[in-house]
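Asks:
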Amino acid sequence: MITRARLYVPALVVVIMAVFPGLAVAFPAAAAADSRTLADQALVLVNQQRVKAGCANLHTVAQLQRPAGQQSHDQAAQDKLGHRGTDGSTSRDRLGRLGYSQWAENVAQFPNPQQAVHFWSTSRAHRASMLNCAFTDTGLAVARSLSGRLYWTQTFGG
């Protein structure tokens with residue numbers, strides 16, 4: 000019985016993929032869209048905090064979005080919170096060469112944008128980055144680990 004199942008399951012997968020070719024990319028695309036929506040929600044919350052502090056809204060730029068996404072995915076791949084990438088890079092390595100006179104990186108591991116931003120706003124060092132009015136540009140990304148944890152990274156430049 001197990002032998003038959005081993006034969007039938009791969010065949011069934013092939014048939015399903017032939018009948019529904021878009022299925023193979025639907026789930027990763029949905030996950031990417033979900034991550035973008037969550038990151039956008041977090042940015043709204045960060046900008047609300049900044050306006051209360053007298054700072055201008057941050058604007059997402061690709062130059063900072065790339066390292067934020069890279070770091071969130073690295074954290075999710077390791078299922079470990081931190082500023083060091085899987086390639087050994089630090090935030091200084093990722094952000095220091097982008098041409099900004101000032102830069103910073105905040106990371107967090109929380110199940111939703113509200114808790115991530117709340118953590119950043121109640122941590123002295125993270126809050127200082129988030130509410131630094133000299134920062135005008137940002138990248139904000141979130142990635143889900145295989146265990147389901149969400150890893151957040153926000154990069155800042157000014």
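Using numbering that gives the first Met the number 0, the first residue of the sequence shown is number 0, and each one after it goes up by one. The beta-carbon is built from N, C-alpha and C at its ideal position, and this holds for glycine as well. Computed from a predicted structure; not experimentally measured.
1) How big is the Cα-Cα spacing for residue 41 and residue 58?
2) Contact defined as beta carbons within less than 8 angstroms: I believe residue 67 pairs with residue 149. What is the distance between those atoms, to the nearest angstrom?
3) Count the other CB atoms within 10 Å of the CB of residue 110; is the residue buried (16 or more) or exposed (fewer)?
4) Count the other CB atoms within 10 Å of the CB of residue 105; is the residue buried (16 or more) or exposed (fewer)?
5) Assign residue 145 to one of two classes, buried (16 or more other C-beta atoms within 10 Å of its C-beta) or exposed (fewer than that).
6) Pick from 55, 77, 50 and 72: whose alpha carbon is nearest that of residue 152?
7) Quick check on residue 70: buried or exposed, where buried means 16 or more other Cβ atoms within 10 Å of its Cβ?
8) Would you say residue 72 touches the ligand FAD, meaning its beta carbon is less than 6 angstroms from a heavy atom?
9) For residue 68, does the three-state DSSP call read helix, strand or coil?
10) Taking the alpha-carbon of residue 108 as reference, which of 65, 117 and 133 has the nearest alpha-carbon?
11) What three-state label does DSSP hand residue 149 in the structure shown?
12) Between residue 154 and residue 135, how many whole angstroms is the CB-CB distance? I'm expecting something under 8 angstroms.
13) DSSP state of residue 136, grouped into three classes?
Replies: On the basis of the supplied data:
1) Whole-angstrom Cα-Cα distance: 13 angstroms.
2) Actually they are not in contact, since the Cβ atoms of residue 67 and residue 149 sit about 14 angstroms apart, beyond 8 angstroms.
3) With fewer than 16 neighbouring CB atoms inside 10 Å of its own CB, residue 110 falls in the exposed class.
4) Buried: at least 16 other Cβ atoms inside 10 Å.
5) Exposed, because fewer than 16 other Cβ atoms sit within 10 Å of the Cβ of residue 145.
6) Closest option to residue 152, Cα to Cα, is 72.
7) By the neighbour-count definition (other C-beta atoms within 10 Å, threshold 16), residue 70 is a buried residue.
8) As for the ligand FAD, it is missing from this structure, which has no ligand bound.
9) Helix.
10) With distances taken between Cα atoms, residue 108 lies closest to 117.
11) Three-state DSSP puts residue 149 in a strand.
12) Their Cβ separation, rounded to whole angstroms, is 12 angstroms, which puts residue 154 and residue 135 out of contact at 8 angstroms.
13) In the structure shown, residue 136 sits in a strand (DSSP, three-state: E or B).
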